[in-house]
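Residue numbers (numbering that gives the first Met the number 0): 0 to 640.
For each residue, glycine too, the CB sits at the ideal point set by N, CA and C.
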Amino acid sequence: MGHLTAFLHISNKLAERGHRISFFLPNKTQAKLESFNLHKDLISFIPIIVPHVDGLPPGAETTADVPFPLLSLLMTAMDLTAPSIEASLRDLKPHFVFYDFTHWLPALAHRLGIKSIHYCSISPASIGFLLSPERKLNEKPLTAADYKEPPPCFPPSSIKLLPFETRHLSFSAVKQFGPDISFTERQIMSFNNSDAISFRACMEMEGPYCDYVEEQFKKPVILTGPVVPKPPTIELEEKWTKWLDSFKARTVVFCAFGSECILKKDQFQELVLGFELTGLPFLAALKPPMEAETIESALPEGFEKRVEGRGVVHGDWVQQQLILSHPSVGCFVTHCGSGSLSEALVTECQLVLLPHAGDQIINARLMGGDLKVGVEVEKGEEDGLFTREGVCKAVKAVMDDDSEVGKEVRANHAKWREFLSSKGLENSYIDNFVQKLHRQPLGVQRKSPSTPRRSTEITLTLKRSPLSSQPASGDPSTEVCSMEPRIDDEPQVLHPGPLDESLLTRQRYHRSEDIWNGEDPGPLTCRGRTKEMASIQMEDNRYWAWARLPFLCPRIEPPPGCDYGPWPYAPLAFKWVRVPSLKSRPFGMALIHYREQLVRIQSYQVGYGVEIAIRRGAVVAMENRHGVVCVALLLASIGLR
Numbered sequence: 000m001g002h003l004t005a006f007l008h009i010s011n012k013l014a015e016r017g018h019r020i021s022f023f024l025p026n027k028t029q030a031k032l033e034s035f036n037l038h039k040d041l042i043s044f045i046p047i048i049v050p051h052v053d054g055l056p057p058g059a060e061t062t063a064d065v066p067f068p069l070l071s072l073l074m075t076a077m078d079l080t081a082p083s084i085e086a087s088l089r090d091l092k093p094h095f096v097f098y099d100f101t102h103w104l105p106a107l108a109h110r111l112g113i114k115s116i117h118y119c120s121i122s123p124a125s126i127g128f129l130l131s132p133e134r135k136l137n138e139k140p141l142t143a144a145d146y147k148e149p150p151p152c153f154p155p156s157s158i159k160l161l162p163f164e165t166r167h168l169s170f171s172a173v174k175q176f177g178p179d180i181s182f183t184e185r186q187i188m189s190f191n192n193s194d195a196i197s198f199r200a201c202m203e204m205e206g207p208y209c210d211y212v213e214e215q216f217k218k219p220v221i222l223t224g225p226v227v228p229k230p231p232t233i234e235l236e237e238k239w240t241k242w243l244d245s246f247k248a249r250t251v252v253f254c255a256f257g258s259e260c261i262l263k264k265d266q267f268q269e270l271v272l273g274f275e276l277t278g279l280p281f282l283a284a285l286k287p288p289m290e291a292e293t294i295e296s297a298l299p300e301g302f303e304k305r306v307e308g309r310g311v312v313h314g315d316w317v318q319q320q321l322i323l324s325h326p327s328v329g330c331f332v333t334h335c336g337s338g339s340l341s342e343a344l345v346t347e348c349q350l351v352l353l354p355h356a357g358d359q360i361i362n363a364r365l366m367g368g369d370l371k372v373g374v375e376v377e378k379g380e381e382d383g384l385f386t387r388e389g390v391c392k393a394v395k396a397v398m399d400d401d402s403e404v405g406k407e408v409r410a411n412h413a414k415w416r417e418f419l420s421s422k423g424l425e426n427s428y429i430d431n432f433v434q435k436l437h438r439q440p441l442g443v444q445r446k447s448p449s450t451p452r453r454s455t456e457i458t459l460t461l462k463r464s465p466l467s468s469q470p471a472s473g474d475p476s477t478e479v480c481s482m483e484p485r486i487d488d489e490p491q492v493l494h495p496g497p498l499d500e501s502l503l504t505r506q507r508y509h510r511s512e513d514i515w516n517g518e519d520p521g522p523l524t525c526r527g528r529t530k531e532m533a534s535i536q537m538e539d540n541r542y543w544a545w546a547r548l549p550f551l552c553p554r555i556e557p558p559p560g561c562d563y564g565p566w567p568y569a570p571l572a573f574k575w576v577r578v579p580s581l582k583s584r585p586f587g588m589a590l591i592h593y594r595e596q597l598v599r600i601q602s603y604q605v606g607y608g609v610e611i612a613i614r615r616g617a618v619v620a621m622e623n624r625h626g627v628v629c630v631a632l633l634l635a636s637i638g639l640r
């Protein structure tokens with residue numbers, strides 16, 4: 000269900016902007032998703048009849064209907080829907096088709112003149128770590144030893160795998176996932192044959208991983224932003240409302256592992272016994288374990304009596320998003336599916352991470368390591384087993400007010416919750432997403448950055464212009480660097496020479512008093528991949544890089560009387576290369592004219608930027624985790640793609 004709801008959430012966002020969506024889904028699943036369709040006039044559900052394949056349970060339609068060993072048969076059945084999908088697409092004549100595991104769909108779409116978008120509900124970090132072309136998956140299957148290390152150019156991160164996890168991944172990668180095709184082969188074909196790759200992600204959280212995927216797959220990567228779903232149009236079931244209402248605010252532990260995660264009986268029992276050990280009220284929505292027919296038969300002896308009145312283990316689907324938003328729920332024990340994490344990050348529920356398989360493992364390291372917004376339950380390195388004590392310890396860590404670990408993750412979670420819920424963030428991403436869909440040269444694989452290319456040169460000169468009618472004399476905060484383009488047949492381009500990479504290393508921990516008007520902002524950590532981005536050699540020994548124009552940090556207030564309108568403004572500091580015509584200024588903005596067309600660089604939210612191509616130079620951004628704080632313009636010559 001997680002993949003289906005992810006597609007429906009982005010459909011709702013697109014429908015808000017007037018786009019019409021046809022949503023293919025299995026017939027019986029439609030009823031479960033009906034309440035999530037917020038624009039029934041624009042989003043039409045088109046039922047798919049899933050053919051029966053010998054060995055599948057009667058009526059099986061989704062992964063929730065079959066155990067793990069039968070997934071290959073289910074994919075075989077789904078692949079048999081290709082003729083009916085093609086017939087529907089011929090009638091509908093859409094501009095774009097979004098898909099994920101349907102590896103045959105791009106070729107079908109191209110025959111019909113439709114652009115295909117691999118909308119990946121798996122995180123960019125997971126795709127980069129597990130499926131990067133650097134791993135040469137087409138040449139040989141990866142062994143457990145191969146998964147111990149990330150791909151060679153993978154961004155610096157805290158993602159490390161335990162021995163049992165590497166064994167699991169190497170087994171899953173080669174498992175058959177349809178007729179004569181493995182899971183890995185299906186995924187690689189889905190990515191390689193697409194016109195573009197899209198993630199439900201934002202640069203502020205996973206920027207380096209998004210860049211890495213784009214570089215490796217040589218495909219445009221277009222982000223939708225966090226796509227925080229609006230609450231369903233129905234209310235929480237009355238029985239759960241009454242039960243949750245009986246507890247104090249932020250005291251209930253809620254556990255849900257999705258529709259596909261099935262534990263072994265011993266681990267199922269360790270989990271619920273761990274909840275009992277916490278002494279806190281809890282609600283666990285779990286499927287019966289492998290060795291049991293029902294939840295009741297799987298529970299430890301005497302368990303129900305001991306937790307009566309404060310603990311419930313439920314064996315059916317629940318309204319997860321509504322439960323997470325209930326004021327009594329204070330902790331969420333999750334299997335780390337991408338959808339569950341995105342729903343939880345915008346609530347006040349603290350995260351306990353208990354990944355089960357595949358990309359969930361990478362997600363857990365990202366949340367618990369890179370972002371430090373949750374605590375992962377400890378497991379045995381070789382056997383992968385967790386204990387009731389480990390479950391209790393993790394829950395206590397995030398719930399106890401005096402826990403130092405809890406204080407850190409609660410503070411980080413609060414920062415990201417504020418960011419993800421900030422006004423305008425989502426709209427800026429979705430609007431940019433729609434624009435890029437139409438602007439990108441889809442259907443043509445992106446050339447390598449090292450490929451020589453012809454482009455119009457635009458020479459930019461800098462001038463000072465007042466931000467207010469009466470600028471204060473000598474106060475640099477009352478002036479702005481504006482860039483005036485001049486397009487010439489033989490442009491006058493500044494040539495400061497090759498980039499001195501040692502400067503990047505020395506500036507890794509950088510303080511710029513100019514940019515903060517004399518105030519010390521504290522250590523500003525460089526973007527982890529700055530050096531790599533800025534050192535890709537191009538013809539004539541200059542450099543090519545992708546960069547994001549940063550925008551004003553929340554802590555800096557613009558000067559009085561300043562009116563930027565929709566234009567971006569950013570702190571600029573030319574610290575790394577001395578170019579006589581460039582002077583340090585605390586704020587700057589840019590308009591770019593290209594072939595007599597105004598290219599409008601827009602920003603709707605702090606920390607969000609616009610990608611531009613830099614020829615014969617590089618823009619290198621320095622940032623902390625919550626927004627870019629400094630940029631060095633190394634050469635004023637921009638060639639637009």
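Cα-Cα separation between residue i and residue j, rounded to whole angstroms
i	j	result
Phe67	Lys229	31 Å
Ala200	Gln359	15 Å
Gly308	Ala283	14 Å
Leu141	Gly357	14 Å
Cys348	Ala393	14 Å
Trp239	Leu323	12 Å
Leu424	Pro280	35 Å
Val433	Lys304	54 Å
Val390	Cys330	12 Å
Ile9	His102	21 Å
Tyr211	Asn192	18 Å
Gly473	Glu203	Only weak support exists for where Gly473 lies, its pLDDT of 32 falling under 50; the coordinates are left without a value.
Ala143	Gly383	14 Å
Asp315	Leu285	7 Å
Tyr428	Leu222	7 Å
Sheet register partners of residue i (DSSP bridge)
i	result
His313	Ala284
Ile20	Ile42
Lys114	Phe95
Ser651	The structure shown does not extend to residue 651, since the chain is modelled only from 0 to 640, so the question has no answer here.
Glu375	Leu352
Cutoff 8 Å; reference residue i; Cβ partners in own chain excluding five residues on either side
i	result
Glu290	Lys263, Lys264 and Ala297
Leu7	Phe22, Leu32, Phe35, Asn36 and Ile42
Glu388	Gly273 and Leu276
Ser171	Phe182, Ala356 and Gly357
Ala248	Pro326, Ser327 and Gly329
Val372	Leu344, Leu350, Met366, Val408, Asn411, His412 and Trp415
Buried or exposed by the 16-neighbour rule on C-beta atoms within 10 Å, applied to residue i
i	result
Ile45	exposed
Val351	buried
Ile158	buried
Arg134	buried
Asp401	exposed
Pro522	Because the pLDDT at Pro522 is just 37, under 50, the model does not fix this residue reliably, and the value given afterwards should be weighed accordingly. Flag for Pro522 reads exposed.
Nonlocal neighbours in the same chain, by C-beta distance under 6 Å from residue i, ignoring five residues either side
i	result
Ser339	Thr333
Arg16	none
Ser120	His2, Ala5 and Ser337
Simplified DSSP state of residue i, which is helix, strand or coil
i	result
Arg577	Unreliable placement is indicated for Arg577, whose pLDDT of 25 sits below 50; the coordinate value is still reported in the next sentence. It is coil, neither helix nor strand.
Val408	helix
Cys254	strand
Ala195	strand
Pro207	helix
Pro558	Annotation note: pLDDT 35 at Pro558 (below 50); position unreliable, coordinate value reported separately. Looking at Pro558 - three-state DSSP - the assignment turns out to be coil, as it is neither helix nor strand.
Glu417	helix
Phe176	coil
Ser296	helix
Phe246	coil
Gly54	coil
Leu129	helix
Gly329	strand
Leu222	strand
Ile233	coil
Pro25	strand
Contact test: residue i Cβ vs the ligand FMN heavy atom, cutoff 7 Å
i	result
Lys395	Summarising the ligand content, the structure contains no ligands, and the ligand FMN is consequently not present.
8 Å Cβ cutoff, residue i in contact with chain C
i	result
Gly17	In the structure shown, chain C does not exist; there is a single protein chain.
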